[in-house]
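Heads up: the structure comes next, in structure tokens.
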Amino acid sequence: FTSAGLLNRSLALGVDLAWLGLLMVPFIVPGQFASQISSLLESWDLRGVHLSNFLHFLERRMGMVGLFAPLVPAIATWAEWKGWRTPGRYLFQLRVVDAHGLLLDRRKRMLRSLLRNFPVWIGAFSVAFLALGFDMLVLLISPLDEAVVLLNTLPVLGRKRRAVHDRLSGSHVVLDTRWHS
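Be aware that the sequence shown starts at 2, since it is given in the numbering used here, and climbs by one per residue.
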């Protein structure tokens with residue numbers, strides 16, 4: 002098998018993280034704008050119409066959508082556990098194999114996916130904690146995603162050119178030289 006280059010692997014990781022981030026937008030946006038929409042509706046001065054209960058309901062429910070944000074990395078992890086390729090690996094024609102060039106077993110794929118997508122998990126749980134009103138907890142855990150990205154990817158610059166999630170799961174990222182129809 003032919004090892005994939007650093008540029009291909011980096012771009013594939015970037016595409017995958019961007020894709021997962023875009024998938025989380027529908028869970029993030031309602032909570033961000035709930036209070037603004039509520040205050041806008043209050044400012045409309047609708048005399049004779051009692052909107053306070055409706056506004057409170059609207060604000061609470063829009064923010065609660067964020068509780069479902071962890072579904073995005075959970076589905077991504079499940080897809081990798083099933084053996085499906087990520088959008089980044091598909092675009093850059095990469096495959097993840099073991100030391101013998103065979104596909105990883107499910108347990109190793111799961112471990113690799115959890116470690117690789119850890120920043121997305123942190124982001125998803127940050128959105129969920131914000132929906133629950135745990136702002137201080139979000140302030141504590143949000144720097145973790147940047148630290149994990151650095152700690153996970155800096156070893157790629159070393160001699161073996163493998164990220165931490167690849168070392169721990171015993172995987173290698175290679176070019177997919179098989180012909181696809």
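Idealized CB from N, CA, C, for every residue including glycine. Bear in mind that the values here come from a model prediction, so they are computed numbers and not experimental data.
Cα-Cα separation, residue i to residue j
i: residue 102; j: residue 150; result: 26 Å
i: residue 89; j: residue 176; result: 12 Å
i: residue 216; j: residue 40; result: No answer is possible for residue 216: it lies beyond the span of the chain, which begins at 2 and ends at 182.
i: residue 119; j: residue 71; result: 11 Å
i: residue 216; j: residue 28; result: With the chain covering only 2 through 182, there is no way to say anything about residue 216.
i: residue 152; j: residue 164; result: 9 Å
i: residue 100; j: residue 136; result: 44 Å
i: residue 117; j: residue 123; result: 12 Å
i: residue 154; j: residue 65; result: 33 Å
i: residue 3; j: residue 146; result: 31 Å
i: residue 75; j: residue 173; result: 23 Å
i: residue 161; j: residue 104; result: 20 Å
i: residue 81; j: residue 44; result: 48 Å
i: residue 63; j: residue 158; result: 43 Å
i: residue 87; j: residue 17; result: 7 Å
Which residues DSSP lists as bridging residue i, in chain order
i: residue 173; result: 98
i: residue 4; result: 175
As assigned by DSSP and simplified to three states, the class of residue i
i: residue 151; result: helix
i: residue 145; result: helix
i: residue 104; result: strand
i: residue 93; result: coil
i: residue 156; result: helix
i: residue 129; result: helix
i: residue 80; result: helix
i: residue 9; result: helix
i: residue 20; result: helix
i: residue 119; result: helix
i: residue 168; result: helix
i: residue 134; result: coil
i: residue 70; result: coil
i: residue 110; result: helix
i: residue 44; result: coil
Supposed contact pair residue j and residue i - C-beta distance, whole angstroms, cut 8 Å
i: residue 113; j: residue 84; result: Not a contact, Cβ separation roughly 12 Å.
i: residue 125; j: residue 25; result: 6 Å
- prompt: Within the chosen definition, does the segment 91 to 108 reach the segment 3 to 13 through at least 3 CB pairs nearer than 8 Å?
  reply: yes
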